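Here the sequence shown stands for residues 212 to 882, numbered as in the working numbering.
For reference, the structure discussed in these notes is given below.
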Amino acid sequence: MPQIRISLLTKILPLFGLLLVISLLSSHASLDPGLLIRFLGLQVILALLLVQWLVNKQFKLRGVKSPLWIAWLLFAMYTGVRLLWGNSYSDSLFEWMKILSYQMLLFLLIQNYSFKELRNGISYSLSILGMVLAIWGLVELVEVMQSGRLNIPLSTYQVKTVFGHRNLYLQILFLTLPFQLYLAVIEKSKTFTVLIVTFSSLSLFLLIVLSNRSVWLSLVMMTLLFTGFVLWNRLQKSTFLKDLNKPFRWIGITFSVTLLLSILFFAFFTVTEEAESHAGNILKMDNGSGKDRIELWKRTLQIIEENPVFGCGAANWKIEMLKYGNKGLVSENNVTYYQRPHNDFLWIASEYGLFGGIIYILGFLMAFYLALSQIKNQQETRRQLFFLSVLFALTGFTLFSFFSFPHERIVSNIILFTLFALLIAGNAETEIETTGSKNRMLKWMSFLFLALLAVGSFYFGYQRYNSESHTKGALEAKMDNQPKRVIEEINQAESAYYQLDPLSTPLLWYAGLAWYQLGKPDSAIRCFTNALALNPYHVHVINNLASAYVQIGENEQAISLYKKALKIYPEFEESALNLCAVYFNEHQNDSALSAFSYLNIQTSNPNFKPYIKAILKAKIISILTKQGKTELIHSLPDDPEWYFLQYKMHTMEGISIENLIFDFSKQQKPY
Numbered sequence: 212m213p214q215i216r217i218s219l220l221t222k223i224l225p226l227f228g229l230l231l232v233i234s235l236l237s238s239h240a241s242l243d244p245g246l247l248i249r250f251l252g253l254q255v256i257l258a259l260l261l262v263q264w265l266v267n268k269q270f271k272l273r274g275v276k277s278p279l280w281i282a283w284l285l286f287a288m289y290t291g292v293r294l295l296w297g298n299s300y301s302d303s304l305f306e307w308m309k310i311l312s313y314q315m316l317l318f319l320l321i322q323n324y325s326f327k328e329l330r331n332g333i334s335y336s337l338s339i340l341g342m343v344l345a346i347w348g349l350v351e352l353v354e355v356m357q358s359g360r361l362n363i364p365l366s367t368y369q370v371k372t373v374f375g376h377r378n379l380y381l382q383i384l385f386l387t388l389p390f391q392l393y394l395a396v397i398e399k400s401k402t403f404t405v406l407i408v409t410f411s412s413l414s415l416f417l418l419i420v421l422s423n424r425s426v427w428l429s430l431v432m433m434t435l436l437f438t439g440f441v442l443w444n445r446l447q448k449s450t451f452l453k454d455l456n457k458p459f460r461w462i463g464i465t466f467s468v469t470l471l472l473s474i475l476f477f478a479f480f481t482v483t484e485e486a487e488s489h490a491g492n493i494l495k496m497d498n499g500s501g502k503d504r505i506e507l508w509k510r511t512l513q514i515i516e517e518n519p520v521f522g523c524g525a526a527n528w529k530i531e532m533l534k535y536g537n538k539g540l541v542s543e544n545n546v547t548y549y550q551r552p553h554n555d556f557l558w559i560a561s562e563y564g565l566f567g568g569i570i571y572i573l574g575f576l577m578a579f580y581l582a583l584s585q586i587k588n589q590q591e592t593r594r595q596l597f598f599l600s601v602l603f604a605l606t607g608f609t610l611f612s613f614f615s616f617p618h619e620r621i622v623s624n625i626i627l628f629t630l631f632a633l634l635i636a637g638n639a640e641t642e643i644e645t646t647g648s649k650n651r652m653l654k655w656m657s658f659l660f661l662a663l664l665a666v667g668s669f670y671f672g673y674q675r676y677n678s679e680s681h682t683k684g685a686l687e688a689k690m691d692n693q694p695k696r697v698i699e700e701i702n703q704a705e706s707a708y709y710q711l712d713p714l715s716t717p718l719l720w721y722a723g724l725a726w727y728q729l730g731k732p733d734s735a736i737r738c739f740t741n742a743l744a745l746n747p748y749h750v751h752v753i754n755n756l757a758s759a760y761v762q763i764g765e766n767e768q769a770i771s772l773y774k775k776a777l778k779i780y781p782e783f784e785e786s787a788l789n790l791c792a793v794y795f796n797e798h799q800n801d802s803a804l805s806a807f808s809y810l811n812i813q814t815s816n817p818n819f820k821p822y823i824k825a826i827l828k829a830k831i832i833s834i835l836t837k838q839g840k841t842e843l844i845h846s847l848p849d850d851p852e853w854y855f856l857q858y859k860m861h862t863m864e865g866i867s868i869e870n871l872i873f874d875f876s877k878q879q880k881p882y
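What follows is the structure, given as structure tokens:
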């Protein structure tokens, strides 16, 4: 009996931990509460799976000849080789470690579990996860509704549970839905069936009312796929529908009621006009997030065009993207930057080239082929239904990949690779190769290699987690105006394991700002220069490095850097005003006036009009002195608005400064 319990635990715990526990992990010690802690959790599960594989008496290799396995193994190998040239740094290595971890997970799942064990473990784990997330999401939705009618979609962004963003939450919730429906159909216990149908209906309700358009599209595609499946079964004269007529009818009625309740919710609990506008904007690409996506995709295509074969390098999109500026994007205030193009297929192609992009797409095509083949060839009704559920989840993930970034997130990829494991295990049940005890040495060598990868990845991830916690401390110190503490925290955070924060800002930039604030420009320059080497297109780094050069009198260096910042982002007001100031201090008033052309004349920047006054007044005094009209200098107004008006006439009406002075001199009383 104890042996049976131990065996059962070793089978259940890894899958339960993989799909339920890791998904709910969160740490507020890091800037991204989910990414690193879940990566560490994945390494722990991989260690458990490795031990489970080691204690098996025979060395089994299952599914390694599968085209799906080969495609993803090739992707992992290629991305590793790609690190050997180009711009590689800590983020690049971390990306590869994530890819390796998913590949190791896929290998261990298909070696440790039969198809039946995987099917049951994954179905129940994902269904329980869906239940937890549905309750959690409902609680948060009710809390948001306390403030009155919902603004769609803005109010719904507050419903995010443990995932930090509404869209990520809804994507995971959608991926659990097909497996909830599968259990609702095949479960023999009426009590559990009622429970699972209730929670799947709640999941559907949240997926509809929380108004994520890619999720809506996935629900439509799932409905179309099921309709096509039903029609195909009728043409095949299959007994599928007859066998499952009762549960399907019950689920259909329940979901119809859920759809009606969702419509009533929109009518009575949301601002109707905004909800209608949000729904109507699905196909519009000229505003909002749709407009941003198009801009991001265009720029990503430019990156691909520049490096078509091998790409710009892992984790380099977020850096290369900045050289095109933020013009026309929501983040154009230069406070935050997009970190991915909201299309995983373009993202992969831009960083790993068309070769890497083709392998990545091939992996998905292989998965769809295996899923459709299993559905077509299965004789057992329940098994056919299960692979239909896998197809639904795979379709949803693919659609999310077109409009979002599940490739970046740990939980999304865990679910994806468990789907791959199901497809490979289902196809390889009759293709198990057992090598026996004579290859025990090979098994131990394989174990040690994989264990080394898991331990190394855990160590690397822990170092990043520790660094990110110190980075968070530095940001808090910056907000509290404590520059010395900022430097202390960054010194502990910055390392070979972690060099950029989650928004692609080099950590040394924060230290440079602190040194600058403490009046030590040489130390600031050292930090800013190293930061610029990591991210050469970050306008704040460039701008602050220029300002530090001004402090030590290196104005030519400063002018060059300000121009570089404005070349990347011409509308960056801070650099434009700083450039004006440097030219003014160098007595280059004409250049200073020209630099104002970077600024919108309607700007609300408080320094704009004072700078106009100082530079234009100096220019006027210079002209009056040359003309021998020094007696007019004392008559010049002191009001910045007057100088702004003169500048406005100069720029908008084309009136020269000399003519403006002539008009001014005529208005003065003769002495």
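Quick reminder that beta carbons are idealized off the backbone N, C-alpha and C, glycines included.
In this text, all values refer to a predicted model and were calculated from it rather than measured experimentally.
Report the CB separation of residue i from residue j in whole angstroms; it is logged as a contact under 8 Å.
i, j, result
"SER668", "SER312", "6 Å"
"THR606", "LEU436", "6 Å"
"TRP726", "SER715", "That belief does not hold up - the Cβ atoms of TRP726 and SER715 are roughly 21 Å apart, past 8 Å."
"ILE823", "THR862", "Not a contact, Cβ separation roughly 10 Å."
"ASN518", "GLY568", "About 12 Å; that fails the 8 Å criterion."
"LEU317", "ALA632", "6 Å"
"PRO717", "ALA757", "That pair is no contact at about 16 Å."
"TYR809", "LEU777", "6 Å"
Could you tell me which residues DSSP pairs with residue i in its beta bridges?
i, result
"PRO717", "LEU711"
"THR481", "LEU361"
"SER612", "In the DSSP output, where bridge partners are listed per residue, SER612 has none listed."
"LEU659", "In the DSSP output, where bridge partners are listed per residue, LEU659 has none listed."
Taking the Cβ atom as the reference point for each residue, do residue i and residue j lie within a distance shorter than 8 Å?
i, j, result
"LEU602", "ILE586", "yes"
"GLU782", "ASN754", "no"
"LEU417", "LEU349", "yes"
"SER338", "ILE419", "no"
"VAL697", "ALA688", "yes"
"LYS683", "LEU381", "no"
"SER234", "VAL622", "yes"
"GLY332", "LEU471", "no"
"LEU664", "MET315", "yes"
"PHE795", "ALA829", "yes"
Output the distance between the C-alpha atoms of residue i and residue j, rounded to the nearest integer angstrom.
i, j, result
"TRP729", "TYR721", "Just to set this straight, residue 729 is Leu in the shown sequence, not Trp. Those two C-alpha atoms are separated by around 13 Å."
"LEU260", "LEU319", "6 Å"
"GLU543", "ILE248", "Confidence in GLU543 is poor, its pLDDT being 49 and thus under 50, which makes the residue's placement too unreliable to answer from."
"LEU430", "GLY291", "36 Å"
"TYR673", "LEU661", "18 Å"
"PRO552", "ASN746", "18 Å"
"GLU864", "PRO817", "24 Å"
"THR841", "GLN799", "20 Å"
"SER648", "GLY375", "The pLDDT assigned to SER648 is 49, lower than 50, so where the model puts this residue is not dependable; a value taken from the coordinates is nonetheless given after this. Taking the straight line from one Cα to the other gives about 48 Å."
"TRP347", "SER425", "21 Å"
"PHE873", "ILE831", "11 Å"
"GLN263", "PHE326", "16 Å"
"LEU415", "GLY723", "49 Å"
"THR469", "SER412", "6 Å"
"PHE410", "ALA525", "40 Å"
"ASN267", "GLU679", "39 Å"
"ASP712", "GLY252", "21 Å"
"LYS538", "LEU871", "34 Å"
Please state the DSSP three-state secondary structure of residue i.
i, result
"ARG445", "helix"
"LEU810", "coil"
"LEU379", "helix"
"SER277", "coil"
"LEU507", "helix"
"SER706", "strand"
"LEU847", "coil"
"LEU272", "strand"
"VAL752", "helix"
"TYR313", "helix"
"THR372", "coil"
"VAL408", "helix"
"SER759", "The residue you asked about is not Ser; residue 759 is Ala in the sequence shown. ALA759: helix per DSSP, three-state reduction."
"TYR535", "helix"
"GLN693", "coil"
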